[in-house]
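Numbering (our numbering), first residue to last: 12 to 777. Don't be surprised by glycine CBs; every beta carbon is placed ideally from N, CA and C.
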Amino acid sequence: MPANSPFSQENSALTRWAARVHAGPRHLLGGLAAVVLLLAALGAGIGAPFSSDGYDPDGADSVRAEAFLDRHLRAGTPDLVVLARAPGGVDDASTQQAGTRLTRKAEQLSGVRSARSYWTTGDRSFRSRDGRSGLLVLRLRGDQRAAQTVAEQVVPELRKESGAFRLRVTGPAQVAREAEDITGGDLVRAELIAAPVVVLLLLLVFRSVGAALLPVAVGVTAVTAAMALLRLLALVTPVSVFAQNLTTALGFGLAVDYSLFLLARYREETGQGAGPREALTTTVRTAGRTVLASAATVAVSAAGLLVFPTSFLRSLGYASVGVVGCAAVAALVAVPALLALCGPRLARPGRIERWYAARRRTGPAPRAAHEDRWYRTAMAVMRRPLTVTLLTTTLLVLAALPFTHARFGNFDDRMLPAGTPARQASEEVRRQFGDQAADPVFVALPGLRADAGGTAELDRYARRLSRAEGVARTETATGVYRSGKRAGDAAAAEGYAGPAGAWVRVLGVPGADSEGLVSRLRQVPVERTAWVGGPAALLSDTRSALAERLPWALAVLALGLVALMLPFTRSVLAPLKALALSALSLTASFGALVWIFQEGHLRGLVGDFPVTGFIECSLPALMLCVAFGLATDYELFVFSRIRERYDATGDSTHAIAWGLARSGRLVTASALTIACVFAAMGTSQMSQLKMVGVGTMLAVLVDATVVRVLLLPALMRLAGAANWWWPSRRKPPPGPDGPGPHEEVPAARADEPRMLDASGRAGSGG
């Protein structure tokens, strides 16, 4: 491998960095603290920069239709939908007067562009089935962020003027407001849950308070810097409010993981007799190399989000790449510097560790490495590699099967907890008015002047639309149409046309498939540009846009990871195997998500959640690009220890078992750390965040257990010499520091810093 490769084990840059750390650790820590504090101060000065929208695909017909109607005709999907309940019925004379007065008052409120209601339009779709409620729909000024601010001011004013009406409010602006409030609370709760659990886990791993607190401190540092950068990023591009939760979970988990790798390797080196300076240099050169490779692979994987055409996914991509960089920098600066200052204290046994060592000396003698649980498991797997491969692959494929009948939907009120006011109001609207009362399908016709010779064209097109399968009626400036015939004048016909163009409202028959209706409407012949809009059209466009860009995201992910892993692994087969194994564990977690959230199983175990019958469209893309990188992260760490042993001994079977014995405990601890952090996200009240948290947790646990413990050694045993094939590479002789191909690894000393495996049994660190 070229000497200047960033992943070369003898890389001079990492060695120089270790020397730089030795020369001035206090200066490095001071500089890091100053940068983080400066970023935090800059970020704190930016108020509420995040957005709750961004799910719409750029340039889609439905997005163009919405923008055209909003800009030129004050129509389209309303920002606020007010359900007004009248004790005496909506058609009572006094109720009609009160409803008209409420609508006029709404029109006069600051920030309101237009207000329409049953009482001002006579539109029967705005009248409830029981005749006791009417709808008031408002369009607000500005983008969704501005609309949220206006809604916060408008809703209290409407309640003051409600009179005898009982008002319930929903609509995109209100849903976004409530989602943002819930997300903020979820963020605090997740942090309060994750931090102490991770500290407890690290205490079990290191049995030293100082060693356990160091990774947590690095994690807090990384998250602080990443959150500040996220707020600064929001000044130049839309950033989703959910990026805060992802940044916290991913940044804290990775920073703790990277610190864990570095600290464990340092303790291993000092436990084998190396001095502090030598141990730190080896740690930076080996574990630091793994941290760099891991950060690069996770960042490249997350960069796949940048190719998708929604600002929601792009902002999560920016956030993920940024927080991975912060985690790597914080770990590679803070941990070596702290080890240089107080490494011997962190390496020697603390009170908990001394107590455990004293207790252990009264028990059975330490096990040799060949008696280690991980070593024995790997050897048992490699005795029947084909059987293990077939069984585990079958298990993972079966777990993935539910994903074959996944259904996808857009973010809406159904992602809110059941008791939230906006969701309750939306459910009442759907029950009493139908899906299309507040969110109809519509067709925008830019440039069609109904008042300047375009009347006949508009009439012909509206008739054709009304004949489409699944259409109950169409309504536009020229009238109401049913089955190709004009059935009367439209209510408030002047709202359907203007100098810039016209639009047609389409109402489907009850129970009609909305997406199928949109598809059929787009096939109706038209003499000019026609954009079909509305929630159903937006869902169809979103799914199509994400599916169209998915191959590009996969290409970025696959090519980027292979390019990064080739020099790190020095093997042609290893990167391809890593991609296949990560994909297998990820699709299994996708299947579990569908089974849990779409079909409603295990609600008592993962926390109560509304069963929507669909998975949010963006979720698979998000998990693909984030969880895939995390899974590959473990592959890198395990393979680096296997490669290290193979280069020293030339014995493939022994190297695989030794590598798992050395890395198994640490990978388990690392996976549990990440799983705890994302499980804390899974406590969210928002279904979307709960899906991300639970899905990522499952992907990480499956990858670190079934895949790395069983499938990886089985496949490597089947591959044999192909594992190590590298162009123009000669097989190295056994190294002078390692045992021969069939020698035992020396047993760990009783006073050596030790770690726990998943069952609580002690084993040597590393």
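Asked                                                                                                                                                                          : Found
Pick from Ala30, Phe648, Gly35 and Ala71: whose alpha carbon is nearest that of Ala556?                                                                                        : Ala71
If you measure between the beta carbons of Tyr507 and Ala488, is that distance less than 9 Å?                                                                                  : yes
Could you check how far apart the C-beta atoms of Tyr794 and Gly145 are, in whole angstroms? I think they sit under 8 Å.                                                       : Within the shown structure, residues of the chain are numbered from 12 to 777, placing residue 794 beyond reach of any answer.
Whose C-alpha, out of Ala599, Arg516 and Pro413, is nearest the C-alpha of Leu406?                                                                                             : Ala599
Using C-beta distances below 7 Å, list every residue in its chain close to Ser770, excluding the 5 sequence neighbours before and after it, in chain order.                    : Residue placement at Ser770 cannot be trusted, given a pLDDT of 33 that sits under 50; what the coordinates show is reported in the next sentence. No residues qualify anywhere along the chain.
Do you know whose CA, among Gly522, Glu526 and Leu459, lies nearest Trp514's CA?                                                                                               : Leu459
Hey, could you find the ends of the beta strand (DSSP E) Ala483 is sitting in?                                                                                                 : Val482 to Thr487
When DSSP labels each residue in this structure, what does Tyr66 get in the three-state scheme?                                                                                : coil
Tell me, please, whether the CB atom of Ser136 is closer than 9 Å to any CB atom in chain C?                                                                                   : As a matter of chain content, chain C is missing from the structure shown, which is built from one protein chain.
Between Lys171 and Arg177, what straight-line distance do the alpha-carbon atoms span, to the nearest angstrom?                                                                : 11 Å
Could you tell me the distance, in whole angstroms, from the CA atom of Thr684 to the CA atom of Asp268?                                                                       : 7 Å
Distance check for Gln255 and Ser326, CA to CA, integer angstroms please.                                                                                                      : 10 Å
Use the C-beta contact count for Thr131: other C-beta atoms within 10 angstroms, 16 or more gives buried, fewer gives exposed.                                                 : buried
Can you tell me which residues form a DSSP beta bridge with Thr301?                                                                                                            : The partner list for Thr301 (beta bridge, DSSP) is empty, contrary to what the question assumes.
Under the three-state reduction of DSSP, which class applies to Pro457: helix, strand or coil?                                                                                 : strand
Helix, strand or coil: which one does DSSP assign to Val46?                                                                                                                    : helix
Does Ala808 come out as helix, strand or coil in the three-state DSSP assignment?                                                                                              : In this structure the chain extends from 12 to 777, so residue 808 is not present and cannot be described.
Report the residue from Trp736, Thr580 and Ala547 whose alpha carbon sits nearest the alpha carbon of Phe648.                                                                  : Thr580
Select from Gln609, Arg719 and Leu240 the residue whose C-alpha is nearest the C-alpha of Ala52.                                                                               : Leu240
Thinking just about the alpha-carbon of each residue, which of Leu549, Cys628 and Phe137 is nearest to the one in Arg442?                                                      : Phe137
If contact is defined by three or more beta carbon pairs under 8 Å, each pair taking one atom from either stretch, is the stretch 642-661 in contact with the stretch 618-630? : no
Go ahead and label His665 buried or exposed: buried means 16 or more other beta carbons lie within 10 angstroms of its beta carbon, across all protein chains shown.           : buried
So what's Ala391 in DSSP terms, helix, strand or just coil?                                                                                                                    : helix
For Glu754, which residues of its own chain have a beta-carbon under 6 Å away from its beta-carbon, when the five flanking residues on both sides are left out?                : In this prediction, Glu754 scores a pLDDT of 38, lower than 50, which makes its location untrustworthy; no coordinate-derived value is stated.
What residue does the beta strand (DSSP E) around Thr181 start on, and which one ends it?                                                                                      : Arg177 to Thr181
Measuring alpha carbon to alpha carbon, tell me which residue in Val440, Arg276 and Ser494 is nearest Gly142.                                                                  : Val440
Which partner residues of Ser144 appear in the DSSP bridge assignment?                                                                                                         : Arg96
How should Glu189 be labelled, buried or exposed, when 16 other C-beta atoms within 10 angstroms of its C-beta is the threshold for buried?                                    : buried
Is it right to say Trp385 is buried, meaning 16 or more other beta carbons lie within 10 angstroms of its own, or is it exposed?                                               : buried
Classify Lys496: buried if its beta carbon has 16 or more other beta carbons within 10 angstroms, exposed otherwise.                                                           : exposed
Within the chosen definition, does the stretch 401-419 reach the stretch 592-610 through at least 3 CB pairs nearer than 8 Å?                                                  : yes
Excluding the five sequence neighbours on either side, which residues of its own chain have a C-beta within less than 6 Å of the C-beta of Phe620, listed in chain order?      : Ser698 and Lys701
Three Cβ pairs or more, each shorter than 8 Å: is that satisfied between the stretch 286-296 and the stretch 95-114?                                                           : no
Provide the residue span of the beta strand (DSSP E) that contains Ser105, from first to last.                                                                                 : No beta strand (DSSP E) holds Ser105; the alpha helix (DSSP H) holding it covers Ala104 to Gln119.
Does the distance from the C-beta atom of Gln155 to that of Asp90 stay below 9 Å?                                                                                              : yes
So Ala603 is in the beta strand (DSSP E); what residue range does that whole segment cover?                                                                                    : First-last for Ala603: Leu584 to Leu604, but that is the alpha helix (DSSP H), not the beta strand (DSSP E).
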